[in-house]
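*Asks:* Dropping the structure in here first, questions after.
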Amino acid sequence: MRPPSRRSPSPPTMSSANKRLLKRNQACRECRRRKQKCDAAKPHCGSCVRHWRARVSVPCPPGYTHPPEPICTYDPIEGLILSPDQVADPNQRARLLEDKIAELQVQLLEAQDRHNKELLPPTRGGSRSHSASSTSDGSHSNLSSHGHTALPHGASLPDNNTLFHLVDLYFQYDPCGSRMLHPPTLSANLALSTKHPNYPHPALLHAISASAARWMPAEQGWDQQHQSRFAEYHASCARAHIEEMNATGRMNFQIHVASIIIAWWLYHQGRWSDAWSLVGSITRTSLGFGLNSPGTHPSRPESAPYFSPAKDNTDLEMRRRVMWMSVILDRVISVGQWAHSMGEEIIGTEFPLCNVDYDRQNAITKNPQSLSTGSALTTHIPGYTDSFILVVKASLLLGRVTDYNVRRGLHRSSKERHPGAERAHRDFRAIDQLLTDFLLTLPSSMRTCPTPRISSSGGLKLDVDLYLVHLIPHAATITLHNPLADFYDANCVSVRRLLQAAQSIVVAHNMLHTARFDLKRLHPFVTICWYLAGAVLVRLKEKLEKDRMNTSSIARDIDLLRQAMVTYGAASPIGVTQEKLLCDSMQCT
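Under full-length UniProt numbering, the residues of the sequence shown are numbered 1 to 589, in order.
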């Protein structure tokens, strides 16, 4: 009997467990393609390992590298979730990544929905109604007269009751973007099913929610932090839609309107850089829509815009107002020496209709005035003039001062920039005279700065648009004369004009202060006016202190303006921003 061999037996090529027949498509894809036997071993079958070893044993040609491991992929097993790094096939890995991204997006929406529900306060059973007006106690058309029959909103929007209430607050209190929209139309569309094609775009509703949130603390007991987080959330949702439109090039008119509302929100927040950049995009998009054309639609086929002509007079008027709101934004955000995005020479749009005609859908097709009309800024046609139209004209006046300041810094020699030569320049004298004539030519019923009155509800009522109209020319005067003022020259004309303008702004503020009017209802540009007036008074105070003269009354006026900015900043951070700038100028002096 021979002794057993010391030589170990060779390992079997396939384990007994794997000798069983494989089910259909259980073999790896590479073995099935090569029509080879497969042991279905994981992570790589024996056939694929041998095939890979044979490949790497041969030097690869120049420019080619061998795979670092065998290529062996299996069909997904039902119930087994593979991660992308476990799959060698690039196509399958891409599909897995896409599925993972979609899953994460769903989880993100669910998380946003939970976060949004945490932010929302308890809602009321109903919401208030208002009729359209530019007065601060707000009286826009009833946005809640329709039953709340809309289907549930998307994950990122508030519930119906809160949304309707936010829209009501927006039209009641907002002095900026609300002038564009037609309340009855928005009310009717908001009551539709969310799947209806006329239902407002989510970007528009997010923008309105962000803007109206500043009024919710007083309404429903929100603290400042809660209001700020709510507004930031909805503003980010609206901006996501805006960025998507910019990235894809697909222009949507409602998103364009939402971008204007968000720009005003950024302005309220004191975020100058973001607002200025967005306004540049807004003005160019307005040109793409053809809103700068007479009738807001080019007559030449080769200039066809991105959407069809207006379907009715209300739609046409809304387009006009969207265009002019873009212009107002462009002028307000560029005050000083920031260049505009849109010049007057390319604006052919007619001035808007009066608010009452727009809201009631009166049978008036258009305003006969436009920038091509002679003396458009100082000629005010009866029946086609109200406080909002005057805001448009006052903003254009402010824009002309900015245009002049930009040109002055670029195209004038040092000799021409001498204060005496500057004031004698024809363009300077024309603009300075226009600033004076604007207030003198206002309709007799609007020539006096408005004062708060008792409304039917018992609160104080103020035409905030007309109040702004009486401040803008003084702010423009300060902007025009400030670079030329010499407070140590007793005969300086620019100093005299600065003091007159600053005093007018102070008097207008003291009138509201005495009446205890809620300053937070005013247009945000009033904070710029207060700052400009305060900066003039700071320079005057510095000069008088050096002359050892009494400055107590001037210091009191400065403190009142600072307090007004802080009060406004309780709802809109732009007030706090301007107050800090004024304090910085006081420390510098």
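Using N, Cα and C, we set each Cβ at its ideal position, and we do this for glycine too. Since the model is a prediction, treat every value here as computed from it, not as a measurement.
Taking the continuous alpha helix (DSSP H) assigned at methionine 318, which residues delimit it?
*Replies:* Reading the sequence shown from its first residue, position 318 is the one you call residue 318. Methionine 318 -> alpha helix (DSSP H) spans 313-333.
*Asks:* Looking only at its own chain, which residues have a Cβ that is under 6 Å from the Cβ of alanine 213, when we skip the five neighbours before and after it?
*Replies:* Looking up residue 213 in the sequence shown gives position 213. Around alanine 213: Gln227, Phe230 and Ala231.
*Asks:* Kindly indicate which three-state DSSP category arginine 32 falls into: helix, strand or coil?
*Replies:* As a first step, residue 32 must be located in the sequence shown, where it is residue number 32. Three-state result, arginine 32: helix.
*Asks:* Just the Cα atoms here: how many angstroms apart are glycine 569 and glutamate 579?
*Replies:* The sequence position of residue 569 within the sequence shown is 569, counting from 1. The sequence position of residue 579 within the sequence shown is 579, counting from 1. Straight-line Cα distance between these residues: approximately 9 Å.
*Asks:* Here's the rule I'm using: 16 or more other beta-carbon atoms within 10 Å means buried, otherwise exposed. How should leucine 104 be labelled?
*Replies:* Here the question's residue 104 lines up with position 104 in the sequence shown. Leucine 104 comes out exposed.
*Asks:* Starting from asparagine 160, trace the alpha helix (DSSP H) in both directions and tell me its first and last residue.
*Replies:* Position 160 of the sequence shown, counted from the start, is the residue given in the question as residue 160. Per DSSP, asparagine 160 belongs to the alpha helix (DSSP H) from 160-173.
*Asks:* To the nearest angstrom, how far is it from the Cα of histidine 201 to the Cα of histidine 268?
*Replies:* Position 201 of the sequence shown, counting from 1, holds the residue named residue 201. Position 268 of the sequence shown, counting from 1, holds the residue named residue 268. Cα to Cα, the separation comes out at about 23 Å.
*Asks:* Straight-line CA distance for glycine 126 to histidine 165?
*Replies:* Taking the sequence shown and counting its residues from 1, one reaches residue 126 at position 126. Taking the sequence shown and counting its residues from 1, one reaches residue 165 at position 165. For glycine 126, the predicted model reports a pLDDT of 37, less than 50, meaning its position is unreliable; a value from the coordinates is still stated below. Approximately 8 Å between the Cα atoms of the pair.
*Asks:* Output the boundary residues of the alpha helix (DSSP H) element that contains residue 593.
*Replies:* Limits of the chain in this structure are 1 at one end and 589 at the other, which puts residue 593 out of reach.
*Asks:* Drop a sphere of 10 angstroms on the beta-carbon of leucine 582, count the other beta-carbons inside from all chains shown, and report buried for 16 or more, exposed for fewer.
*Replies:* Along the sequence shown, one-based indexing puts residue 582 at 582. That one is buried.
*Asks:* What are the uninterrupted segments assigned as alpha helix (DSSP H) that are 4 or more residues long and contained completely in the segment 343-413, given in chain order?
*Replies:* With a minimum length of 4 residues, the continuous alpha helix (DSSP H) runs that stay inside the segment 343-413 are 355-359 and 387-411.
*Asks:* Tell me whether leucine 336 is buried or exposed, calling it buried when 16 or more other Cβ atoms sit within 10 Å of its Cβ.
*Replies:* Position 336 of the sequence shown, counted from the first residue, corresponds to residue 336. Here residue 336 turns out to be glycine, not leucine, going by the sequence shown. Looking at its Cβ environment, which holds fewer than 16 other Cβ atoms inside 10 Å, glycine 336 is exposed.
*Asks:* Mapping the DSSP letters down to three states, classify leucine 181 as helix, strand or coil.
*Replies:* Translated into the one-based positions of the sequence shown, residue 181 becomes position 181. Correct three-state label for leucine 181: coil.
*Asks:* Could you give the distance in angstroms between the alpha-carbon of glutamine 433 and the alpha-carbon of threonine 378?
*Replies:* To locate residue 433, count along the sequence shown from 1; it is residue 433. To locate residue 378, count along the sequence shown from 1; it is residue 378. Glutamine 433 and threonine 378: Cα-Cα distance of roughly 11 Å.
*Asks:* Would you grab the beta carbon distance between lysine 175 and aspartate 359 for me? Rounded to a whole angstrom, and I think it's under 8 Å.
*Replies:* Taking the first residue of the sequence shown as position 1, residue 175 is located at position 175. Taking the first residue of the sequence shown as position 1, residue 359 is located at position 359. The sequence given here places proline at residue 175; lysine does not occur at that position. Proline 175 to aspartate 359, Cβ: 16 Å. No contact.
*Asks:* Would you give the residue range spanned by the alpha helix (DSSP H) that histidine 509 belongs to?
*Replies:* Sequence index remark: in the sequence shown, residue 509 carries index 509 (1-based). Here the alpha helix (DSSP H) through histidine 509 covers 493-515.
*Asks:* Which residues mark the beginning and the end of the alpha helix (DSSP H) in which serine 156 is found?
*Replies:* Here residue 156 refers to the residue found at position 156 of the sequence shown. Per DSSP, serine 156 belongs to no alpha helix (DSSP H) and is neither H nor E.
*Asks:* Take valine 506 as the anchor and find which of Pro524, Trp530, Leu329 and Arg53 has the nearest alpha-carbon.
*Replies:* As a first step, residue 506 is located in the sequence shown; it is residue number 506 there, counting from the start. Checking every option, the nearest Cα to that of valine 506 belongs to Trp530.
*Asks:* Going by DSSP in three states, leucine 104 sits in which element: helix, strand or coil?
*Replies:* Here the question's residue 104 lines up with position 104 in the sequence shown. Three-state DSSP puts leucine 104 in a helix.
*Asks:* Taking histidine 513 as the reference, which of Val464, Leu540, Arg50 and Gln563 has the closest Cα?
*Replies:* The residue labelled residue 513 in the question sits at position 513 within the sequence shown. Among Val464, Leu540, Arg50 and Gln563, the Cα nearest to that of histidine 513 is on Gln563.
*Asks:* When DSSP builds the beta bridges, which residues end up paired with isoleucine 261?
*Replies:* Numbered from its first residue, the sequence shown carries residue 261 at position 261. None, per the DSSP bridge assignment.
*Asks:* Whole angstroms are fine: how far does the CA of valine 576 sit from the CA of residue 593?
*Replies:* Any answer about residue 593 is impossible in this case: the structure gives the chain only from 1 up to 589.
*Asks:* Label histidine 509 either buried or exposed according to how many other C-beta atoms from any shown protein chain fall within 10 Å of its C-beta, with 16 as the threshold for buried.
*Replies:* Locating residue 509 in the sequence shown gives position 509, where the first residue counts as 1. Label assigned to histidine 509: buried.
*Asks:* Just curious, the alpha helix (DSSP H) that arginine 239 is in, first and last residue?
*Replies:* Translated into the one-based positions of the sequence shown, residue 239 becomes position 239. Start and end: 224-248.
*Asks:* Around the Cβ of glutamine 369, are there at least 16 other Cβ atoms within 10 angstroms (buried) or fewer (exposed)?
*Replies:* Stepping through the sequence shown from its first residue, residue 369 is reached at position 369. Under this definition glutamine 369 is a buried residue.
*Asks:* Does the Cβ-Cβ distance between leucine 390 and valine 469 come in under 7 Å?
*Replies:* By one-based count along the sequence shown, residue 390 stands at place 390. By one-based count along the sequence shown, residue 469 stands at place 469. In this structure, valine 469 lies closer than 7 Å to leucine 390 by Cβ.
*Asks:* If the criterion is Cβ atoms closer than 7 Å, does the pair valine 538 and serine 585 meet it?
*Replies:* Along the sequence shown, one-based indexing puts residue 538 at 538. Along the sequence shown, one-based indexing puts residue 585 at 585. Result yes, Cβ atoms of valine 538 and serine 585 sit closer than 7 Å.
*Asks:* Going by beta-carbon coordinates alone, are isoleucine 216 and threonine 283 separated by less than 7 Å?
*Replies:* Taking the sequence shown and counting its residues from 1, one reaches residue 216 at position 216. Taking the sequence shown and counting its residues from 1, one reaches residue 283 at position 283. Reading off the sequence, residue 216 comes out as methionine, not isoleucine. No.
*Asks:* Please determine if the segment 243-251 and the segment 314-334 are in contact, where contact requires at least 3 C-beta pairs separated by less than 8 Å.
*Replies:* No contact exists between the segment 243-251 and the segment 314-334.
*Asks:* Hey, out of Ser572, Leu442 and Phe517, whose CA is closest to leucine 454's CA?
*Replies:* Position 454 of the sequence shown holds residue 454. Here residue 454 is isoleucine; the residue named in the question, leucine, does not match the sequence. Ranking the options by Cα distance to isoleucine 454, first place goes to Phe517.
*Asks:* Using the rule of at least 16 other Cβ atoms within 10 Å of the residue's Cβ for burial, across every protein chain shown, is valine 356 buried or exposed?
*Replies:* Start at 1 with the first residue of the sequence shown, and residue 356 comes out as number 356. It is exposed - the Cβ of valine 356 has fewer than 16 other Cβ atoms within 10 Å.
*Asks:* In chain order, what residues of the same chain lie with their CB nearer than 6 Å to the CB of arginine 29, ignoring the 5 residues before and after it?
*Replies:* By one-based count along the sequence shown, residue 29 stands at place 29. Only Thr73 meet the Cβ criterion.
*Asks:* Below 8 Å on the Cβ atoms is my guess for residue 602 versus cysteine 48; work out the distance and round it to an integer in Å.
*Replies:* Given a span of 1 to 589 for the chain in the structure shown, any question on residue 602 remains unanswerable.
*Asks:* Just the C-alpha distance for isoleucine 472 and lysine 393, rounded to the nearest angstrom, thanks.
*Replies:* For the purposes of this step, residue 472 is identified with residue 472 of the sequence shown, where counting begins at 1. For the purposes of this step, residue 393 is identified with residue 393 of the sequence shown, where counting begins at 1. Cα to Cα, isoleucine 472 sits roughly 10 Å from lysine 393.
*Asks:* What's the C-alpha gap between arginine 556 and tyrosine 384?
*Replies:* As a first step, residue 556 must be located in the sequence shown, where it is residue number 556. As a first step, residue 384 must be located in the sequence shown, where it is residue number 384. Roughly 41 Å separates the two Cα atoms.
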